[in-house]
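Encoded as structure tokens, the structure appears first; notes follow it.
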Amino acid sequence: MAQTLAQKILQKHSLDEVGRAGQIVRCKTSMVLANDITAPLAVDSFRRMGAAKVFDREKVALVCDHFTPNKDIDSAEQVKKVREFAREMKIVHYYEGGSAGVEHALLPELGLVGPADVVVGADSHTCTYGGLGAFATGMGSTDIAAAMALGETWFKVPETIRVNMMGRLDKHTVSKDLILHIIGLIGVDGALYRALEFTGEVVDAMDVEARMTMANMAIEAGGKAGLFPADEMTVDYCRKAGFPDPGKVYPDDGATYFRQLSIDVTGMGPQIACPHLPDNVKPVDELDRVKVDQVVLGSCTNGRISDLRQAAEIIKGRKVSSNVRFIVLPATPRIYEQALEEGLLGIFIRAGAIVGPPTCGPCLGGHMGILASGERCLATTNRNFRGRMGSLESEVYLGSPLVAAATAVAGEIIHPAKV
Amino acid sequence: MIFAGKAHKVGDHIDTDAIIPARFLVTSDPFELGRKCFEGLEQGWVNRVKKGDILIGGKNFGCGSSREHAPLAILGAGIPVVIAHSFARIFYRNGFNMGLVLLEIGDYIDKIRDQDQLEVSPGTGEIRNLSTGQIINSLPVPEFMAEILAMGGLVNYVREKVS
Ligand code: SF4
């Protein structure tokens with residue numbers, strides 16, 4: 001049977017014969033992930049399951065990234081619990097403090113995830129690794145506790161929506177704009193229970209970081225996974241990161257798809273998701289002078305080095321508007337160091353930005369940039385639900401790193417070509 | 420087992436930040452979480468709920484993050500059953516794993532009004548609307564989910580395997 005990417009990868013890890021969509025299959029897990037919010041619950045479930053040890057101490061990653069550096073006593077207690085569990089289980093990949101970064105930027109960078117892996121994480125944006133050709137999906141803490149104990153989990157084989165992209169992106173339009181456009185097109189439940197598979201000449205030319213930005217937001221369309229084929233570029237990226245023996249993975253010709261979309265990206269331009277759902281998407285030029293109080297550049301969606309470079313290019317030699325707090329959070333310590341060496345952090349600071357540590361921070365309304373009532377933010381993050389970044393009466397708009405930098409300068413949401 | 424209670428309706432695409440905002444995620448105690456249930460929708464929302472009441476969601480209920488705190492907060496608020504048009508995938512798994520009963524009924528969701536008195540039998544999938552006299556049959560619980568439920572949830576299922 002000709003297989004989609006999802007079917008193909010699941011088959012590699014399953015003893016069951018992976019057939020049509022809807023079938024329930026049991027799979028071995030390549031990596032199991034949890035963070036400082038979800039790991040404490042997973043630890044509780046793990047104990048209640050009576051498990052004495054994790055299935056493989058090198059295949060569990062615990063990353064304290066959400067409220068760290070710990071914002072208050074309660075979050076410090078949670079991290080303490082995760083740390084003690086990691087020590088007790090001798091977990092190799094425990095990250096906190098100067099070794100920690102936003103989990104979905106960190107794991108690919110450390111070579112812990114790669115092509116054809118099955119990765120489950122107690123975090124909905126685990127789907128990010130689909131950018132590397134991994135079947136990766138988020139689950140709750142108890143499912144993750146079960147995977148930590150057994151080294152396996154079950155999936156319903158998803159139907160797949162194939163998105164074929166052709167044409168040419170102009171210099172101000174990036175992969176974030178593409179994924180926002182697609183979510184706007186199919187809706188926040190457009191891929192519910194399904195996998196998205198991205199292909200076409202635009203994908204072939206896209207670097208791996210840009211692919212991860214798109215895979216990251218598959219969940220914002222309700223998707224179970226957002227999958228890219230693993231090609232030469234992926235193999236290169238993963239090999240450099242230290243992932244053992246990365247190989248290419250492609251879907252079969254003639255696989256069965258639930259739906260196929262073709263998108264011509266030529267002339268698309270930057271896109272913005274307006275409050276309060278990620279599918280409320282408009283071209284930036286249709287926004288009418290939307291003033292902002294804050295701009296956030298960072299997160300697992302757009303906090304990588306390529307994102308910082310793009311934003312720095314725009315902001316170089318300019319000043320952040322006096323009405324705006326521009327918060328820049330490199331997603332991992334290595335990205336931070338790289339940005340420092342390349343002089344990007346200096347560019348941001350001289351422009352009047354605040355450069356903070358690698359953390360999720362304001363993305364989930366945790367800390368380091370919370371909005372008051374009536375305030376508005378343009379963020380490179382992935383969710384703009386009501387109250388996501390603070391007060392229920394605040395607003396979040398989502399856009400690319402280029403739009404973020406331009407907006408920080410102009411004080412209103414603006415096309416990057418206009419600053 | 421039959422659940423009886425008053426219906427509390429919420430809209431489409433209710434996300435996990437509405438169910439329990441991230442700032443309250445510094446605990447995993449259902450009772451504590453329950454006191455803040457739906458605080459991201461409306462301040463003090465939970466005060467309208469009596470123990471045993473039933474939540475009625477729209478499309479894509481529980482979308483957003485993977486936080487298990489969301490079904491825990493609903494359970495902690497005293498709500499044992501959620502009926503929705505459809506559920507977000509992760510929430511659906513989490514609900515069952517936590518012991519929250521979830522029933523998907525598609526467009527029949529419009530046959531239930533806020534404050535209607537309901538009787539729900541998850542075993543048969545039958546929902547009786549006592550206020551209108553209507554009976555709605557929900558989609559059956561998938562076989563594998565039923566297996567997990569029969570073992571008393573995922574924790575017991577794994578407990579059996581590791582022992
Ligand atoms: S950066 Fe935001 S979306 Fe990504 S893992 Fe952290 S909180 Fe979640």
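Going down the list, the sequences are from chains A and B. Here this note's numbering is used: position 334 in the first sequence is 334, and no number is missing along the way. Count along the second sequence from 1, then add 419; that gives the number in this note's numbering. From the three backbone atoms N, C-alpha and C, an ideal C-beta is built for every residue, glycine too. In this text, all values refer to a predicted model and were calculated from it rather than measured experimentally.
With DSSP collapsed to three states, give me the class of residue i.
{"i": "residue 429 of chain A", "result": "Any question about residue 429 of chain A goes unanswered here, given that chain A covers just 1 to 419."}
{"i": "residue 401 of chain A", "result": "helix"}
{"i": "residue 57 of chain A", "result": "coil"}
{"i": "residue 549 of chain B", "result": "coil"}
{"i": "residue 557 of chain B", "result": "coil"}
{"i": "residue 170 of chain A", "result": "coil"}
{"i": "residue 326 of chain A", "result": "strand"}
{"i": "residue 393 of chain A", "result": "coil"}
{"i": "residue 381 of chain A", "result": "coil"}
{"i": "residue 321 of chain A", "result": "coil"}
{"i": "residue 334 of chain A", "result": "helix"}
{"i": "residue 97 of chain A", "result": "helix"}
{"i": "residue 286 of chain A", "result": "helix"}
{"i": "residue 162 of chain A", "result": "strand"}
{"i": "residue 427 of chain B", "result": "strand"}
{"i": "residue 14 of chain A", "result": "strand"}
{"i": "residue 530 of chain B", "result": "helix"}
{"i": "residue 31 of chain A", "result": "strand"}
Which two residues bound the contiguous alpha helix (DSSP H) that contains residue i?
{"i": "residue 510 of chain B", "result": "508-517"}
{"i": "residue 346 of chain A", "result": "344-351"}
{"i": "residue 212 of chain A", "result": "208-216"}
{"i": "residue 312 of chain A", "result": "305-315"}
{"i": "residue 575 of chain B", "result": "573-581"}
{"i": "residue 184 of chain A", "result": "175-186"}
{"i": "residue 148 of chain A", "result": "141-150"}
Using a Cβ cut-off of 8 Å, pull out every chain B residue sitting near residue i, in sequence order please.
{"i": "residue 38 of chain A", "result": "485, 486, 487"}
{"i": "residue 78 of chain A", "result": "445"}
{"i": "residue 14 of chain A", "result": "Under the 8 Å cutoff, chain B gives no residues; its nearest Cβ is about 14 Å from residue 14 of chain A."}
{"i": "residue 224 of chain A", "result": "508"}
{"i": "residue 188 of chain A", "result": "432, 479, 482"}
{"i": "residue 124 of chain A", "result": "483, 484, 485, 509"}
Specify, as a first and last residue, the run of the beta strand (DSSP E) that residue i falls within.
{"i": "residue 28 of chain A", "result": "24-28"}
{"i": "residue 105 of chain A", "result": "Residue 105 of chain A -> not in any beta strand (DSSP E); alpha helix (DSSP H) instead, spanning 103-109."}
{"i": "residue 262 of chain A", "result": "259-264"}
{"i": "residue 540 of chain B", "result": "536-540"}
{"i": "residue 4 of chain A", "result": "Where residue 4 of chain A is concerned, there is no enclosing beta strand (DSSP E), given that its DSSP letter is neither H nor E."}
{"i": "residue 502 of chain B", "result": "500-503"}
{"i": "residue 296 of chain A", "result": "294-297"}
{"i": "residue 226 of chain A", "result": "225-227"}
{"i": "residue 521 of chain B", "result": "520-523"}
{"i": "residue 272 of chain A", "result": "271-273"}
{"i": "residue 136 of chain A", "result": "135-138"}
Should residue i be labelled buried (16 or more other beta-carbon atoms within 10 Å of its own) or exposed?
{"i": "residue 128 of chain A", "result": "buried"}
{"i": "residue 189 of chain A", "result": "buried"}
{"i": "residue 95 of chain A", "result": "buried"}
{"i": "residue 75 of chain A", "result": "buried"}
{"i": "residue 262 of chain A", "result": "exposed"}
{"i": "residue 126 of chain A", "result": "buried"}
{"i": "residue 29 of chain A", "result": "buried"}
{"i": "residue 458 of chain B", "result": "buried"}
{"i": "residue 450 of chain B", "result": "exposed"}
{"i": "residue 15 of chain A", "result": "exposed"}
{"i": "residue 486 of chain B", "result": "buried"}
{"i": "residue 176 of chain A", "result": "buried"}
{"i": "residue 165 of chain A", "result": "buried"}
{"i": "residue 53 of chain A", "result": "exposed"}
{"i": "residue 109 of chain A", "result": "buried"}
{"i": "residue 551 of chain B", "result": "exposed"}
{"i": "residue 73 of chain A", "result": "exposed"}
{"i": "residue 394 of chain A", "result": "buried"}
{"i": "residue 1 of chain A", "result": "exposed"}
Give the residues of chain A in contact with residue i, contact being defined as C-beta atoms less than 8 Å apart.
{"i": "residue 446 of chain B", "result": "74"}
{"i": "residue 582 of chain B", "result": "50"}
Check the Cβ of residue i against every Cβ in chain A and list those closer than 7 Å, keeping chain order.
{"i": "residue 512 of chain B", "result": "139, 140, 143"}
{"i": "residue 557 of chain B", "result": "Under the 7 Å cutoff, chain A gives no residues; its nearest Cβ is about 17 Å from residue 557 of chain B."}
List, in chain order, every chain B residue whose beta-carbon is nearer than 9 Å to that of residue i.
{"i": "residue 30 of chain A", "result": "Per Cβ cutoff of 9 Å: no residues; residue 30 of chain A is ~18 Å from chain B at best."}
{"i": "residue 85 of chain A", "result": "Within 9 Å Cβ-Cβ: nothing; residue 85 of chain A doesn't reach chain B, min ~14 Å."}
Which residues in chain B have a C-beta closer than 7 Å to the C-beta of residue i? List them in chain order.
{"i": "residue 155 of chain A", "result": "Near residue 155 of chain A there are no residues of chain B at all, since even the closest Cβ is about 10 Å away, more than 7 Å."}
{"i": "residue 277 of chain A", "result": "432"}
{"i": "residue 193 of chain A", "result": "508"}
Note down, in chain order, every chain A residue with its Cβ under 9 Å from the Cβ of residue i.
{"i": "residue 436 of chain B", "result": "364, 365, 383, 385, 386, 387, 388"}
Practice item. Jot down the residue ranges of each uninterrupted beta strand (DSSP E) in the stretch 446-490 of chain B, minimum 3 residues, whole runs only, in chain order. Key: Entirely contained in the stretch 446-490 of chain B, the beta strand (DSSP E) runs reaching 3 residues are, in chain order, 473-476.
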